[in-house]
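There are 2 protein chains.
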Amino acid sequence: MRKLKNSELQRITSSEFKKAEKNPIILVLDNVRSAMNVGSIFRSADAFLIEKIYLCGITASPPNKEILKTALGAQKHIEWQYNENTISLIKTLKHPDNYLVAVEQTKKSIILSDFTPPKNKIILIFGNEVFGVNQKVIDLCDTSIEIPQYGTKHSLNISVSAGIVMWDILQNIKKDNISQ
Amino acid sequence: MRKLKNSELQRITSSEFKKAEKNPIILVLDNVRSAMNVGSIFRSADAFLIEKIYLCGITASPPNKEILKTALGAQKHIEWQYNENTISLIKTLKHPDNYLVAVEQTKKSIILSDFTPPKNKIILIFGNEVFGVNQKVIDLCDTSIEIPQYGTKHSLNISVSAGIVMWDILQNIKKDNISQ
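Following this line, the structure appears as structure tokens:
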């Protein structure tokens, strides 16, 4: 099992990324404290061909040294937008074409593995490392999903959560496309 | 959808974690550079009830300020062991009860979604942020798996990769248990 060289991985270029058809997923980062987490999410969004990232409130936006360190340049070609107020943004995204999903542990949250993404564009909202997604933002969402956790801690690192949720939803979208 | 308070999440205590039946997964971190990544992996290993983490070579081990910052205490109850030499460790782990899986892009790597975990205990090996898993370590493994990536970057952040691989394999183990 010879390890592949970077040149053998046949990755696309930044300009090919911009033109590529994206997966119907948009991320909203609601007051994320750590710029390194933001950068890591940009890097995953690159790998999974995500359409756009909204950075809200205190969430850092490029150019930023820590984002650069963990995004490794992905912030240059992924479409992103900064909005100071998450609630105003969510209200503009509330539209029949979009399905708003708070990634948060709520009274009614659906376990990730039981979640079947609808045909709409999926807007995934991730919250602050300590306080999670704002309750007023959750109130505007169509649903909430959670990654089941069996240990002592209350949550996963936000960039790990975002990676798992994107991966899982993409598997579902892919299966759905194959079965059509 | 009322957000749950931490007290409502009904997480287990550290001593309950120690006694809890673990998932048959062991992680090996082969010369991981960032202690923050190590801490984040400890935190995911807590959430997914992972059996043990081996820390090899230059990989930082507790007590360590950066591990503490991202593991949030998970390093206190998850079983871990430091081994200077990854190859010697892998040789001791090479046993019919164990299935050694390098998480690495190789000539023969299996796409994560096509990977069916065997009944054995799964040993997942993650490599250095820049150089990946050492080729000599890969040569000792039973297989290699990769997370398919469609963007410009060569890899995901290692703690994100580890989270996705653990999550996906656990879904497979769970399905397998239900179908029995």
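For the record, the sequence lines run as chains A and B.
With the first letter of the first sequence counted as 1, position 133 gets the number 133 in this note's numbering; the numbers rise by one all the way through.
With the first letter of the second sequence counted as 1, position 140 gets the number 140 in this note's numbering; the numbers rise by one all the way through.
Positions of the beta carbon are idealized from the N, C-alpha and C atoms, including for glycine.
Counting the other CB atoms within 10 Å of its CB gives Q149/B a total of 16 or more, which places it among the buried residues.
Not flagged as an interface residue toward chain B: A60/A, since no C-beta distance is shorter than 8 Å.
Non-local C-beta neighbours of V133/B in its own chain, meaning closer than 6 Å and more than five positions away in sequence, comprise D30, A102, E104, I125, G127, ordered along the chain.
Using a C-beta cut-off of 8 Å, the segment 16-28 of chain B makes no contact with the segment 84-91 of chain A, since fewer than three inter-stretch Cβ pairs fall below that distance. As the crow flies, the alpha-carbon of H154/A is around 15 Å from that of K107/A. In this structure, the straight-line span from the alpha carbon of I138/B to that of V28/B is close to 12 Å. Taking C-beta atoms under 8 Å as the contact rule, I90/B and A45/B fail to qualify, at a distance of about 19 Å. For the pair L49/A and W80/A, the CB atoms are not nearer than the 8 Å cut-off. The C-beta distance from S40/A to N157/B rounds to 5 Å, short enough to meet the 8 Å contact threshold. K121/A is bridged by DSSP to N98/A. Around the beta carbon of D176/B, fewer than 16 other beta carbons sit within 10 angstroms, so the residue counts as exposed. Of the residues T13/B, I122/B, V38/B, K5/B, the one whose Cα lies closest to the Cα of V160/B is V38/B. Contact between R43/B and L72/B holds, with the beta-carbon distance rounding to 6 Å and staying under 8 Å. Residue range 35-47 is occupied by the alpha helix (DSSP H) that includes S44/B. At least 8 Å separates the beta-carbon of Y99/A from that of I67/A. At the C-beta level, V165/A and I178/A stay beyond 8 Å of one another. K76/A is positioned such that its CB atom lies no closer than 8 Å to that of S144/A.
Among the residues facing chain A, G57/B is not included, as its CB has no counterpart in that chain under 8 Å away. The beta carbons of T152/B and I53/A sit about 15 Å from each other, so the pair does not count as a contact at 8 Å. One Cα belongs to M1/B, the other to S109/A, and the distance between them is close to 7 Å. Excluding its 5 nearest sequence neighbours in each direction, S113/A has C-beta neighbours in its own chain below 8 Å: P148, D168, listed in chain order.
With its beta carbon at least 8 Å from every one in chain A, S88/B lies outside the interface. Q171/B and I111/A have their C-alpha atoms spaced approximately 12 Å apart. Under a criterion of Cβ atoms nearer than 8 Å, the residues of chain B adjacent to I12/A are, in order, Y150, G151, T152.
Under the three-state reduction of DSSP output, G163/A falls in the helix class. Annotation for P118/B: Y99 place their beta carbon closer than 8 Å to its own, counting only its chain and skipping 5 residues before and after. Taking a beta-carbon distance threshold of 8 Å, V38/A does not count as an interface residue toward chain B.
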